[in-house]
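Notes for the one structure printed next.
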Amino acid sequence: MDECVRVDGRPVAEIPVGDRGLAYGDGIFRTIRIESGRPLAWSEQWRRLVHDCTALGLGTPLEAEIRADIEALFDNATHGVCKIMITRGSGGRGYMPPRTPTPRRIVSAHELPVHAYGTPEPIALARSSVALAIQPRLAGIKHLNRLEQVLARTECDNRGLADAWMADSHGFVIATTMRNLFFVDSRGRWLTPSLTRAGIIGATRQCLWRALDGAGEAVAESDIRPHALTDCRGAIACNSVGGVVAVSHFDGVALADSETLARYACKLLMDMESREPTQRYQRQGR
Numbered sequence: 001m002d003e004c005v006r007v008d009g010r011p012v013a014e015i016p017v018g019d020r021g022l023a024y025g026d027g028i029f030r031t032i033r034i035e036s037g038r039p040l041a042w043s044e045q046w047r048r049l050v051h052d053c054t055a056l057g058l059g060t061p062l063e064a065e066i067r068a069d070i071e072a073l074f075d076n077a078t079h080g081v082c083k084i085m086i087t088r089g090s091g092g093r094g095y096m097p098p099r100t101p102t103p104r105r106i107v108s109a110h111e112l113p114v115h116a117y118g119t120p121e122p123i124a125l126a127r128s129s130v131a132l133a134i135q136p137r138l139a140g141i142k143h144l145n146r147l148e149q150v151l152a153r154t155e156c157d158n159r160g161l162a163d164a165w166m167a168d169s170h171g172f173v174i175a176t177t178m179r180n181l182f183f184v185d186s187r188g189r190w191l192t193p194s195l196t197r198a199g200i201i202g203a204t205r206q207c208l209w210r211a212l213d214g215a216g217e218a219v220a221e222s223d224i225r226p227h228a229l230t231d232c233r234g235a236i237a238c239n240s241v242g243g244v245v246a247v248s249h250f251d252g253v254a255l256a257d258s259e260t261l262a263r264y265a266c267k268l269l270m271d272m273e274s275r276e277p278t279q280r281y282q283r284q285g286r
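Okay, so the sequence shown: first residue is 1 according to the working numbering, each after it adds one.
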């Protein structure tokens with residue numbers, strides 16, 4: 001990795017103290033796995049980044065600029081994690097943003113976490129005591145206000161848990177502290193929680209949904225109460241860095257088919273990734 005952080009295309013590691021992302025969480029981010037210098041699932045990552053920027057009125061960043069940042073941070077032999085943050089920049093008075101903001105682009109390189117190597121071990125999910133607030137205006141957006149997940153991850157560490165599942169304040173299943181969820185019921189139907197009131201729409205979630213659909217597996221997005229999962233035969237959790245992991249237990253109930261479902265989902269995602277247009281990642285001038 002040539003530099004660790006680039007801010008607006010420059011290899012620096014500082015931002016002004018008045019940046020609204022720091023002051024108010026006024027911005028969005030995406031976290032992308034890099035394999036041999038190539039950002040995985042880039043089409044979906046870019047689609048979600050543009051969606052989230054538009055939803056918050058941050059404008060649309062230039063794809064070529066972000067690609068240039070990634071190329072500067074990762075060479076063709078590098079594996080790692082790229083984090084992209086777009087903030088509203090500096091300015092404004094208090095919560096009121098400037099009328100004409102100048103968004104700030106922060107792109108950083110990180111090592112792959114240990115859990116991202118090889119086939120991940122199945123995880124047992126217990127319920128987090130931290131509930132996700134209901135806010136339809138922000139639901140699905142990967143914005144910089146992530147205190148709920150920070151508290152939930154701290155709780156996991158204190159309880160010795162690899163992860164935990166989180167409900168919204170109405171008690172509906174939403175996600176884990178850092179992953180989206182899919183379930184398969186006793187009739188073989190795929191289910192995923194609705195994220196219209198809380199939660200993050202992850203790029204891997206969207207890719208897997210499309211891959212399942214392409215394989216003839218209908219996926220139902222719905223409001224899910226915990227008691228409705230008692231007849232599930234399996235579950236998987238997924239995110240962009242760690243990929244797909246089997247859920248061995250959900251609230252103490254064993255899920256016998258989760259590892260088989262995880263292998264199936266991984267194959268679908270690998271097949272989809274192999275069809276991702278390579279032109280999008282060709283490095284210019286190298």
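By construction, the Cβ of each residue, glycine as well, lies at the ideal position given by its N, Cα and C atoms.
key: Top-ranked residue by Cα proximity to L208, from L58, G18, A77, Q45   = Translated into positions along the sequence shown, residue 208 becomes position 208. If we check each option's Cα against that of L208, Q45 comes out closest.
key: Own chain residues within Cβ distance below 8 angstroms of M247, not counting five before or after   = Counting from one through the sequence shown, the residue named residue 247 turns up at place 247. One point to set straight first is that residue 247 is Val, not Met, in the sequence displayed. The answer, listed in chain order, is P122, I123, A124, L125, L181, G234, A235, I236, A237, L255, S258.
query = Do you know offhand how far A109's Cα is from H79's?
reply = Here residue 109 refers to the residue found at position 109 when the sequence shown is read from its first residue. Here residue 79 refers to the residue found at position 79 when the sequence shown is read from its first residue. One Cα belongs to A109, the other to H79, and the distance between them is close to 10 angstroms.
message = Rounding to the nearest angstrom, what Cα-Cα distance links V107 and I32 in this structure?
response = By one-based count along the sequence shown, residue 107 stands at place 107. By one-based count along the sequence shown, residue 32 stands at place 32. V107 and I32: Cα-Cα distance of roughly 11 angstroms.
query = CA-CA distance, R47 and I141?
reply = Looking up residue 47 in the sequence shown gives position 47. Looking up residue 141 in the sequence shown gives position 141. Going from the Cα of R47 to the Cα of I141 covers about 12 angstroms.
inquiry  = Is the separation between the beta-carbon of E217 and that of S194 shorter than 7 angstroms?
reply    = Here residue 217 corresponds to residue number 217 of the sequence shown, with the count starting at 1. Here residue 194 corresponds to residue number 194 of the sequence shown, with the count starting at 1. Cβ distance not < 7 angstroms, so E217 and S194 don't count as in contact.
inquiry  = Counting C-beta neighbours from all protein chains within 10 Å, is the total for C4 16 or more, i.e. buried, or is it exposed?
reply    = Counting from 1 along the sequence shown, the entry for residue 4 is found at position 4. By the neighbour-count rule (16 or more Cβ atoms within 10 Å), C4 is not buried but exposed.
ask   = By DSSP, does D185 sit in helix, in strand, or in coil?
value = As a working mapping, residue 185 is identified with position 185 in the sequence shown. Coil.
task = Leaving out five residues on either side along the sequence, give the residues of the same chain with a beta carbon under 6 angstroms from the beta carbon of R205.
result = Position 205 of the sequence shown, counted from the start, is the residue given in the question as residue 205. Excluding sequence neighbours, R205 sits near N180.
ask   = Buried or exposed: which applies to D2, given that a residue is buried once 16 or more other Cβ atoms fall within 10 Å of its Cβ?
value = In the sequence shown, the residue the question calls residue 2 occupies position 2. Confidence at D2 is low in this model, with a pLDDT of 47, below 50, so its placement is unreliable and the value that follows should be read with caution. Looking at its Cβ environment, which holds fewer than 16 other Cβ atoms inside 10 Å, D2 is exposed.
ask   = What is the rounded straight-line gap between the Cα of G59 and the Cα of D26?
value = Position 59 of the sequence shown, counting from 1, holds the residue named residue 59. Position 26 of the sequence shown, counting from 1, holds the residue named residue 26. Approximately 13 angstroms between the Cα atoms of the pair.
request  = Give me the Cα-Cα distance between L22 and C82, rounded to the nearest whole angstrom.
outcome  = Along the sequence shown, one-based indexing puts residue 22 at 22. Along the sequence shown, one-based indexing puts residue 82 at 82. Going by the C-alpha atoms only, they are around 19 angstroms apart.
request  = Leaving aside the five residues before and after C266 along the sequence, list all residues of the same chain whose C-beta is less than 7 angstroms from its C-beta, in chain order.
outcome  = For this step, residue 266 is matched to residue 266 along the sequence shown. Here the set comprises G243, V244.
request  = Under 7 angstroms Cβ to Cβ from I34, same chain only, skipping five residues before and after it: list those, please.
outcome  = In the sequence shown, residue 34 corresponds to position 34, counting from 1. Excluding residues up to 5 positions away in sequence, F74, T78, H79, G80, V81, C82 lie with their Cβ nearer than 7 angstroms to the Cβ of I34 in the same chain.
ask   = Secondary structure at T154, three-state DSSP: helix, strand or coil?
value = Within the sequence shown, residue 154 is the residue found at index 154, counting from 1. Correct three-state label for T154: helix.
inquiry  = So if DSSP puts L125 in a beta bridge, which residue, or which two residues, is it bridged to?
reply    = Along the sequence shown, one-based indexing puts residue 125 at 125. Answer is F250.
ask   = Can you give, in chain order, each stretch of the beta strand (DSSP E) that sits fully within the region 22-80 and has at least 3 residues?
value = 27-35
query = Beta carbon of L132, beta carbon of V184: below 7 angstroms?
reply = The residue labelled residue 132 in the question sits at position 132 within the sequence shown. The residue labelled residue 184 in the question sits at position 184 within the sequence shown. Cβ atoms of L132 and V184: not closer than 7 angstroms.
task = Please classify G199: does DSSP put it in a helix, a strand, or coil?
result = On the sequence shown, position 199 is the one that residue 199 refers to. Coil at G199, not helix or strand.
key: Per-residue burial, V114 [other beta carbons within 10 Å of its own, 16 or more giving buried]   = Locating residue 114 in the sequence shown gives position 114, where the first residue counts as 1. Classification of V114: exposed, given that the 10 Å Cβ count is below 16.
request  = Find the nearest neighbour of R127 within the set R10, D231, R225, judged by alpha-carbon distance.
outcome  = Stepping through the sequence shown from its first residue, residue 127 is reached at position 127. Closest option to R127, Cα to Cα, is R225.
Length of the line joining the Cα atoms of W190 and V253 = Along the sequence shown, one-based indexing puts residue 190 at 190. Along the sequence shown, one-based indexing puts residue 253 at 253. The straight-line gap from Cα to Cα measures roughly 18 angstroms.
Selected residue, minimal CA-CA separation from H249, among G199, A72, R105, D231 = Within the sequence shown, residue 249 is the residue found at index 249, counting from 1. Nearest C-alpha to H249: D231.
inquiry  = Determine whether the beta carbon atoms of I84 and R30 lie at a separation below 7 angstroms.
reply    = Numbered from its first residue, the sequence shown carries residue 84 at position 84. Numbered from its first residue, the sequence shown carries residue 30 at position 30. Yes, these two residues count as a Cβ contact at 7 angstroms.
task = Compute the distance between the beta-carbons of G92 and T102, then report whether it is under 7 angstroms.
result = Taking the first residue of the sequence shown as position 1, residue 92 is located at position 92. Taking the first residue of the sequence shown as position 1, residue 102 is located at position 102. No.
query = For the ligand SAH, is there a heavy atom less than 6 angstroms away from the beta-carbon of Q149?
reply = The ligand SAH is not part of this structure, which contains no ligands at all.
query = Based on the DSSP secondary-structure assignment, which residues constitute the bridge partners of S108?
reply = As a working note, residue 108 is residue 108 in the sequence shown. DSSP output for S108 lists V5, K83 as bridge partner(s).
message = Are the CB atoms of I86 and C53 within a distance shorter than 7 angstroms?
response = Residue numbering aside, residue 53 sits at position 53 when the sequence shown is read from its first letter. Residue numbering aside, residue 86 sits at position 86 when the sequence shown is read from its first letter. Yes. Within cutoff.
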